[in-house]
DNA sequence: TTCATATTTGGCAAAATAGCCATGCTCTAT
DNA sequence: ATAGAGCATGGCTATTTTGCCAAATATGAA
């Protein structure tokens, strides 16, 4: 007999669902190509062909990546003529991306400092 | 029409590295248990045993999850006596988590309970 | 020392993910 | 109707992730 019921039983259903949905968003953003595409979408809507040119990956691969982002609700798609345009649906990404950038930069500087490298800030 | 070189050649190295590090952070946050733990850490440092009680998962599983978060730089660990305490290292999470919560709540309301796969048939 | 507690790690099998090719679908133009 | 462009999807394999058990490690207590 288990000492404690596991997380699923411990948490109320709505909270668990919210958590799962949030995790889904993070997971969708957790791939370099997908993050690159999302970052590009901050500058406005793009068709799949644009995003393919950006990442250089196979069209089918790009399409699958976009499906992941779409199902997580990070992006939204809209068909115009023969093209499908993707837009950023998650508004609050800017701040967070900027923050993680700064965070990572600081970490690198810190690490470089510890190793005694004369990293010049550019 | 030359096939473009792939993403790796297209991007300058520092940009690519930053992207990879950012993706690593997102990926680390992209699991319900890990997100739950990180969320709990917003309230202050916790030992592994606390986080195990919280998630209800096996101790070894929790330890592995924490390793993922640690390697992404999301959390930091510190040993005090016989326990190891984990702290949130990524400061800017609050805002983003709140934002995604709101975002998801709105989406749920919008779709009237259709979670997950809800692609609207146009 | 020996023992117990707290945490990590090795190793394994099941599940999920990534990426490619080929194919299918849906427009638009001819 | 046919062709072709732009995307999505089926199907496959290789890789990664997850989660459990068992074993190793470290620390403090008796």
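Residue numbers (our numbering), protein chains in the order written: chain U, -17 to 104; chain Z, -17 to 104. All C-beta atoms in this analysis are idealised placements derived from N, C-alpha and C, irrespective of residue type, glycine included. Because the structure is a prediction, the values reported are computed rather than measured.
Sub-8 angstroms separation of residue i and residue j beta-carbons
| i | j | result |
| --- | --- | --- |
| residue 69 (chain Z) | residue 11 (chain Z) | no |
| residue 5 (chain Z) | residue 13 (chain U) | yes |
| residue 43 (chain U) | residue 19 (chain U) | no |
| residue 7 (chain U) | residue 84 (chain Z) | no |
| residue 67 (chain Z) | residue 9 (chain Z) | no |
| residue 51 (chain U) | residue 91 (chain U) | no |
| residue 86 (chain U) | residue 0 (chain Z) | yes |
| residue 77 (chain Z) | residue 64 (chain U) | no |
Residue i, DSSP secondary structure in three states
| i | result |
| --- | --- |
| residue 52 (chain Z) | helix |
| residue 89 (chain U) | helix |
| residue 64 (chain U) | coil |
| residue 73 (chain U) | coil |
| residue 58 (chain Z) | strand |
Per-residue burial, residue i [other beta carbons within 10 Å of its own, 16 or more giving buried]
| i | result |
| --- | --- |
| residue 62 (chain Z) | exposed |
| residue 106 (chain Z) | A query on residue 106 (chain Z) cannot be resolved here, the shown segment of chain Z reaching from -17 to 104 and no further. |
| residue -3 (chain Z) | exposed |
| residue 55 (chain U) | buried |
| residue 88 (chain U) | exposed |
Distance between beta carbons of residue j and residue i, contact taken as under 8 angstroms
| i | j | result |
| --- | --- | --- |
| residue 57 (chain Z) | residue 45 (chain Z) | Their Cβ separation, rounded to whole angstroms, is 12 angstroms, which puts residue 57 (chain Z) and residue 45 (chain Z) out of contact at 8 angstroms. |
| residue 21 (chain U) | residue 72 (chain U) | At roughly 12 angstroms, the Cβ-Cβ gap does not stay under 8 angstroms, so residue 21 (chain U) and residue 72 (chain U) are not in contact. |
Interface residues of chain Z facing residue i [CB-CB closer than 7 angstroms]
| i | result |
| --- | --- |
| residue 81 (chain U) | 74 |
Chain-ordered neighbours of residue i on chain Z, where CB pairs are closer than 8 angstroms
| i | result |
| --- | --- |
| residue 46 (chain U) | The contacting residues do not exist; residue 46 (chain U) stays about 15 angstroms from chain Z at best. |
Within chain Z, the residues that residue i reaches when beta carbons sit closer than 9 angstroms
| i | result |
| --- | --- |
| residue 13 (chain U) | 5, 8, 9 |
Proximity test, residue i beta-carbon vs the ligand COA heavy atom, cut-off 7 angstroms
| i | result |
| --- | --- |
| residue 31 (chain U) | In the structure shown, the ligand COA is absent, as is every other ligand, since no ligand is present at all. |
Contacts of residue i in chain U (Cβ-Cβ under 7 angstroms)
| i | result |
| --- | --- |
| residue 89 (chain Z) | 55 |
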